[in-house]
Every structure is written in C-alpha cells, then in structure tokens.
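Engineer: This is the structure, below, for whatever I ask next.
Protein chains: 2
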Amino acid sequence: MYGPSKRTRRATAADVARLAGVSRSAVSRAFTKGTYLDAEKRERILLAAEEIGYRPNALAAGLQGQQSNLVAIFVGDMPNQYDKEAAASLATGLNAAGKWPIMIGGSDAVARAAASRVLSFPLEAMILRSGSLGADVAATCIKMGVPVISSGRIIEQDGVDNICVRNREGMREGVAHLIKGGCQRIAYIGGPSSFSSAPERRAGCLDALGGLELIAECEGLYTMESGYDAARALLKERRPDAFVCANDAMALGAMTYLREAGVCIPDDIALLGFDDIEMSGWPAFDLTTIRNPIDDMVAAITELLHRRAMDPAKEGEVILLDTKLVKRSSSRRLLPDR
Amino acid sequence: MYGPSKRTRRATAADVARLAGVSRSAVSRAFTKGTYLDAEKRERILLAAEEIGYRPNALAAGLQGQQSNLVAIFVGDMPNQYDKEAAASLATGLNAAGKWPIMIGGSDAVARAAASRVLSFPLEAMILRSGSLGADVAATCIKMGVPVISSGRIIEQDGVDNICVRNREGMREGVAHLIKGGCQRIAYIGGPSSFSSAPERRAGCLDALGGLELIAECEGLYTMESGYDAARALLKERRPDAFVCANDAMALGAMTYLREAGVCIPDDIALLGFDDIEMSGWPAFDLTTIRNPIDDMVAAITELLHRRAMDPAKEGEVILLDTKLVKRSSSRRLLPDR
DNA sequence: CCAGAATGTGCACACGTGTTCATATAGATG
DNA sequence: CATCTATATGAACACGTGTGCACATTCTGG
C-alpha cells in the first residue's frame, strides 16, 4: 500500500491487458460483441478483469460516441401519491429497458436549478413528470439538443414528445356512471388550475351532465387535506348526492370527512376519484375511480425513447392514453341501477 | 441543414471558442472558478455559450479526475409505502446536495443485473435501500472500489458505511407506552424474517413486556394485505387488547379488518405501528406509531458521502438513528393512564 | 527606472475508451 | 503452388475536457 489515495484508483483496460499479457485493444474487444478475438484469449481476459474488478468506464465509452443510456426524470416535489407511484414505476421501467434514470426533484427552485445542471451530462432524454412547471425547462433542453418527453401535460414545442391520459373522456365516463346509478345533484372538487389536467377533467364532468349544472363546486390542491376541507365546505351548501373529485387523494380526503360527519357512502353520497392510486383499492376505502394507467405510460415513454433514438430529428408527437373506469363500492348505490 | 444527424451534435468548447474568438482553454477557464481570466472576456464567452447552448460535458470532465457526483440508489421493488417515501426523499435530498441519483429498482433479478451494470459508471457511492437482499451487491461494489452505504440494514463488510434506525429501542418505547396505557394482552404481527429489522423490532417488543409473554403472534409480509389477514387470524385466538405491528402498512391493514369486524379502536383493541408513513397521520387512520426518521436518514447519508469523499480509505462506520414515539388516537385508551 | 509579483493566455498533455487501419497468419479454393 | 478470404492483433487516433507549463503583459513598491 504505497499511497492511500492510489488505493481507490479504478482499474483500467491497460491494467487488465498487463495482467493477461495482451494488448489493450484486445481487452476492449473482449467486452464488445461481434469482434474478432480468439475465444481462449477472450476468456483469459474476462477472467483477469473479474479478478481485479474491471469494467469498461461508461464515461470514457460515452465520449467515444457510445450511447450514454442516461435519462433524467424531472419530478416536482411529488406532493401526492400518484406522482410517487408513477415516478417509482417509471424508474424501474426504464431500468428494465437498460436506461439509467437520474431523478431530479425537490422544491421548485432546487429542482429547476438541478435540471439545468444535469444537462452537463449527454442525456438521451429529459422526462418531465411535473404537472405544473416545466415549459421553461423544456425550452432549455431543446436548445441544448436534449430530447424532451413530457408526461401528464402537453407542451406545445418543436421536438417535444408528449404523453397524456384522456382526462376529459375518462372523467366523462366516470360521471356518466354515477348518473346512471341515480345521482342527480353532483358537487365537484376540482384541482389547481395551474395543472393542465384540472380543467380537462372538469370539462369531462360537465360533458356527462348534459345540460345540468353542478350543485356546488370548489377548487382543491390535489392533496388529501384539501379534499377533506372541500367536502366540509360543500356539504354546507345544497345537499349533493355525489362528490366528483379531480383526483383520488382529494376523494379519499372527502371520504374521511363524510364518514366523520356520519354520511353514508354511497347511499347518501356517492364518491368518484381519478387516478386509481394503490390505496383506492384497499378495502378500507374501496373508491370508485378512473384509472390513470401507469404501466401504459411507462411503456409509451420507453417506446418514444426508442423512436427518438432511431430518428433524432423526428417531429414531436402526442400519445394519448385510455383510462379505465374502476367500479368499486363508493359508487354502488342501492337504488335500482335504472 | 446539411446533415440530419449532424443537427443533434452537442456543442463543444471548441465551437464556443470559435464563436467568441478565443482559445479553447479560455472557454474551459470561463466555466471554472478561481482561474485567471479577463472579466470582460469571460462574459463574452458565457454569452456565446448561452447562444449555442453549450455546457461542459460532464463525461469528458469526469475523465479528467473531476468528481462525477454520480450516486446509485438501489431500492428493491419498493412494495411498501415507507420504501417509496424514503426513496423519494433520498433522491431529492441528494439532489439538493449536488449529487445525481441513479435509481436502480424493480424485481429481484432485474434490479440485481442493473446494479451490476451500473458499476460501469464511476460512482461516488452505491446506496442500498433494500431491506432484504444486498449483501452480494455490496461485495461486488467493494471489489470495484465503489463505496457502499447501506441504509436500513447493517452489512458487516470492510468499507461499508451503515445507517440504521434503533429498531429495538424504538419498539420497546412504543410497547411500553401501550402497557402504561393499560394494555396487558398483546398480540404481535411481525415482519418477514428475511428483513433484519423484523427480529430487532420483535425483540424490542419482548423487552417491554418484561417477563410477560405475547398472547398471540404471527408473521406478515410488511404489506397492508398481510396485516389485514394477520389481524383476522389473531382475533380468533385468545382475545388481545392490543395489536403491535412491525410496520405501519400492516397496522393499517389490521385497523381495516378490526373496523370491519366492529372492534372499537382503541377501547377494545389498541394499535401500534412502526415507521410513521405519511398516511398514518391522516385523520382517517390516526395511528400511533414509532417514527423512522427519513430526514435524519437522508442527512446521515449525505454526511457519510462527504466523509467518504474526504477520506476514501476510511473505515466503514455505523450510524444509529433515534426513533420518536408519535402518540395518536389508536392508542389513546379511555382507561386511566397508569 | 528596475525588480519582483500578480494577472492573463495559448500550447500540449492526460484521462480511458472504441474503432479504423495496416499487417500478419491460417485456411480454403483454383 | 498461387490467390483469395476469413480471422487475429497491435499501433494509432479521436472523443471533449481540465490543467500544468511557459511565456507575455500589467501592476506594485522601492
């Protein structure tokens, strides 16, 4: 042990070459498919590499025009459950596709600064999964030549690929289900207007109402607490027979308040959410909701990543995902289903 | 537009130099603090860089002995809520510390393979946040000269830094609180024995019982469903007055079953969890639990990262985190407290 | 005015890898 | 045997950057 700092030096191809008694080129070839190299020699090299813990340095390889496989995922501060679940699935999905997802998150200022700095890596793409901000981040990426994939919010910009769920159609189907079940006096708990999903889901609700108007309405923050508060506020007004919520977190908050208030679900008031987060399926809640399909989203993103790699100059496209109405007990009225 | 593939070429320092009419060295210096460079010239360079969207290539810089700031986070399949919350906080925390967290996750085989391949990057550390597996991954990392930080499970191996919560002491305090509140017939829902936290927490429970024995006991999977099933199974046995659960997810599952069964919490049966996941604080649950401090964990990890950077050859150390008993209504007995 | 320090700048090297190129050897084909 | 092809291998280059080095210029103090 000559120098303490030397101890941690990473093994290099030259080290392996020396140990195996071959040229450095041979070592490189040993790790590359489809090259001419004596089989016995290759084995000897791989063995030597294993012995001293060598692996080709991805940084140096990337410098050589090799695919970096690095991908950044920009999540906001992930306030609600759905964002967390989506981020986790996305990361593991990319992983399975051989990509290396770098997570960028935290509070607005921190995340935005990090998003800017991470561009010093030759990213294969920047994936935006933050409902609210992101348009300026996208602009910076495009300028740097880094492809952008926006999920959950459509960004109108050259070269930006978009993935979005059919918010309006989904909500329309959900509310239609409530109406078919006998609900007539519907109150709506909406999301913050800074999220593009909020007005779309509200529009879907109005679609299903036909000419009818909402009994009452207010705007929440997509959090459970705000759903709780909203339910309390709306209950004071003209007695509704259904709460339609722009996402599951708020629906679960509303459910909590209604139970505390002694309201029977769904007989007195039916409840509808949006997203189908894991918790909504738990027996304790059993919330009827509209599934925002995470697996489809992940599949679409890896697909877009692939297409972009094939043709870096291709036009940006928009992929729309279908929702699925998940009927559970929070909407199972005892009234005759028409 | 001469060639379509040329279009996406990343801007290089030489491009900036040409545009700004300076040497390439000057460009490099413009982006480095503490170098001699005419102020007016630096500004001109930065402006030119901004114009063509240039940023120093982290790959090439890393090749130069520069810190990579890359960190891998190995999470298992994140079956339970606490893992998801911890992973999210860890990622954003590292972010704020100027690190780039690469998430590695998914099913066992996929994650393990990915963990091996990610070592081709010059990682500053591999952070293990998977309760069960990980020892073999750690061995590979150490061999490659990549420092390992294990969180939630202590790995006895040279050069591995460990962070762990005081499971035993925490659980002891929690159960003592129940006993002080009048509980005498305690049933225990444990975690899978493959997680090192499971036996520790159980030991803490037994500590608090003094000579007493558990009324009943079974082993769950740290999931809500298994907690639900366990509660049903245990309720058939000699009537307990408290359920102690090895984590919050199982406690919430148990709570769900008990409510369905018409059992009053906490008057008939008190409930104790472990972790203090976000949901436990929601009014719908209001679960008494032992906080597994995520913020402290993140702080400890960044601290260890720093120390390791200062002295790469230092010995591995063990940091133990203190829990905090969070008293909520699931343990608030009407019986006189003492 | 002079010596020395402080500041500014370009050249050239090193980092670790993949790959082209030239060359050498062995095997097949006529 | 002569040619041609398939296989094997090392030398050399390129990737984009940070920085040591040598040299030029300006400033400071006597």
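Chains A and B supply the protein sequences, listed in that same order.
Heads up: the first sequence is residues 1 to 338, going by this note's numbering.
Heads up: the second sequence is residues 1001 to 1338, going by this note's numbering.
Beta carbons are placed, not taken as given, at the ideal position from N, Cα and C, and that holds for glycine.
Keep in mind the model is a prediction, meaning the values are calculated, not measured.
(1) Residues in the same chain with beta-carbon distance under 6 Å from residue 1220 (chain B), minus the five sequence neighbours each way, listed in chain order, please.
(2) Going by alpha carbons, who is nearest to residue 994 (chain B) out of B:1139, B:1100, B:1076?
(3) List, in order along the chain, the chain A residues whose C-beta lies closer than 8 Å to that of residue 1120 (chain B)?
(4) Between residue 87 (chain A) and chain B, is any beta-carbon pair separated by less than 8 Å?
(5) Below 8 Å, can you find three or more Cβ-Cβ pairs linking the region 1313-1333 of chain B to the region 1103-1116 of chain B?
(6) Identify the continuous alpha helix (DSSP H) that holds residue 1241 (chain B) and give its terminal residues.
(7) Provide the residue span of the beta strand (DSSP E) that contains residue 1151 (chain B), from first to last.
(8) By a C-beta neighbour count over all protein chains shown, 10 Å radius and 16 as the cutoff for buried, is residue 141 (chain A) buried or exposed?
(9) Go to residue 1118 (chain B), then tell me how far its beta strand (DSSP E) extends in each direction, as first and last residue.
(10) What three-state label does DSSP hand residue 1006 (chain B) in the structure shown?
(11) By Cβ distance, which residues of its chain are closer than 6 Å to residue 172 (chain A), with the 5 residues on each side in sequence left out?
(12) Along chain A, which residues have their Cβ under 7 Å away from the Cβ of residue 1010 (chain B)?
(13) On the CB-based measure, 16 or more other CB atoms within 10 Å of its CB, does residue 245 (chain A) come out buried or exposed?
(14) Along the chain, where does the beta strand (DSSP E) that runs through residue 101 (chain A) open and close?
(15) Please list, in chain order, all residues of the same chain as residue 224 (chain A) whose beta carbon is under 6 Å from its beta carbon, the five residues on each side excluded.
(16) In this structure, does DSSP put residue 162 (chain A) in helix, strand or coil?
(17) With a cut-off of 8 Å on the beta carbons, I'd call residue 134 (chain A) and residue 120 (chain A) a contact; round off their distance for me.
(18) Our contact map puts residue 1186 (chain B) next to residue 1240 (chain B) with C-beta atoms below 8 Å; I'd like the distance itself, whole angstroms only.
(19) Apart from the five residues just before and just after residue 338 (chain A), which ones in its own chain have a Cβ nearer than 7 Å to its Cβ?
(20) Beta strand (DSSP E) containing residue 1284 (chain B): first to last residue?
(21) Buried or exposed: which applies to residue 93 (chain A), given that a residue is buried once 16 or more other Cβ atoms fall within 10 Å of its Cβ?
(22) Short of 6 Å in beta carbon distance, which residues of its chain neighbour residue 1016 (chain B), apart from the five on each side in sequence? Order them along the chain.
(23) Around the C-beta of residue 1183 (chain B), are 16 or more other C-beta atoms found within 10 angstroms, so that it is buried, or is it exposed?
(24) Would you say residue 1228 (chain B) faces chain A, with C-beta separation under 8 Å as the test?
(25) Using the rule of at least 16 other Cβ atoms within 10 Å of the residue's Cβ for burial, across every protein chain shown, is residue 256 (chain A) buried or exposed?
(26) Can you list, in chain order, the stretches of the alpha helix (DSSP H) that have 4 or more residues and sit fully within the region 1014-1095 of chain B?
(27) Report the rounded CA-to-CA distance for residue 169 (chain A) versus residue 1279 (chain B), giving the unit in angstroms.
(28) Is the region 295-310 of chain A touching the region 270-279 of chain A in the sense that three or more CB pairs, one from each, lie closer than 8 Å?
(29) So, is the C-beta of residue 1338 (chain B) closer than 8 Å to a C-beta in chain A?
(30) Per DSSP, what are the beta-bridge partners of residue 126 (chain A) in this structure?
(31) Output the residue ranges of the beta strand (DSSP E) runs that lie fully inside the region 1198-1253 of chain B and measure 3 residues or longer, sorted by chain position.
(32) Taking DSSP as the reference, what is the three-state secondary structure of residue 273 (chain A)?
(33) Based on the DSSP secondary-structure assignment, which residues constitute the bridge partners of residue 290 (chain A)?
(34) Check each candidate in A:154, A:37, A:235 and name the one with the smallest Cα separation from residue 197 (chain A).
(35) Can you find a C-beta in chain B that's less than 8 Å from the C-beta of residue 323 (chain A)?
(36) Applying the 10 Å Cβ sphere with the 16-neighbour rule, what's the burial state of residue 1062 (chain B)?
Structural biologist: Straight from the coordinates:
(1) 1189, 1226, 1227, 1230, 1250
(2) No information on residue 994 (chain B) is available, as it lies outside the stretch 1001 to 1338 that chain B covers here.
(3) 55, 56, 57, 58, 61
(4) Residue 87 (chain A) counts as touching chain B.
(5) no
(6) That residue, residue 1241 (chain B), is in no alpha helix (DSSP H); it is neither H nor E in DSSP.
(7) 1148-1151
(8) Residue burial is scored here from C-beta neighbours: residue 141 (chain A) has at least 16 other C-beta atoms within 10 angstroms and is therefore classed as buried.
(9) Here residue 1118 (chain B) belongs to no beta strand (DSSP E), and DSSP marks it neither H nor E.
(10) For residue 1006 (chain B), the pLDDT reaches just 39, beneath the cut-off of 50, and the residue's location in the model is therefore unreliable, although a value from the coordinates is still provided. In the structure shown, residue 1006 (chain B) sits in a helix (DSSP, three-state: H, G or I).
(11) Counting only Cβ-Cβ distances below 6 Å, and skipping sequence neighbours, we find 204, 207, 208.
(12) For residue 1010 (chain B), the chain A residues whose C-beta falls within less than 7 Å of its own C-beta are 122, 145, listed in chain order.
(13) buried
(14) 100-104
(15) Contacts found: 249, 252, 253.
(16) Three-state DSSP puts residue 162 (chain A) in a strand.
(17) Actually they are not in contact, since the Cβ atoms of residue 134 (chain A) and residue 120 (chain A) sit about 19 Å apart, beyond 8 Å.
(18) 6 Å
(19) Residue placement at residue 338 (chain A) is flagged as unreliable, the pLDDT there being 41, under the threshold of 50; a coordinate-derived value is accordingly withheld.
(20) Looking at the DSSP string, residue 1284 (chain B) is not in any beta strand (DSSP E), and its letter there is neither H nor E.
(21) By the neighbour-count rule (16 or more Cβ atoms within 10 Å), residue 93 (chain A) is buried.
(22) 1027, 1048, 1049, 1054
(23) Flag for residue 1183 (chain B) reads buried.
(24) yes
(25) buried
(26) 1024-1030, 1039-1052, 1058-1063
(27) 30 Å
(28) no
(29) For residue 1338 (chain B), the predicted structure reports a pLDDT of 41, less than 50, and the residue's modelled location is therefore unreliable. The matter cannot be settled from this model.
(30) A:72, A:148
(31) Inside the region 1198-1253 of chain B, DSSP marks whole beta strand (DSSP E) runs of 3 or more residues at positions 1216-1219, 1242-1245, from first to last along the chain.
(32) strand
(33) A:274, A:325
(34) The shortest Cα separation from residue 197 (chain A) among A:154, A:37, A:235 belongs to A:154.
(35) no
(36) buried
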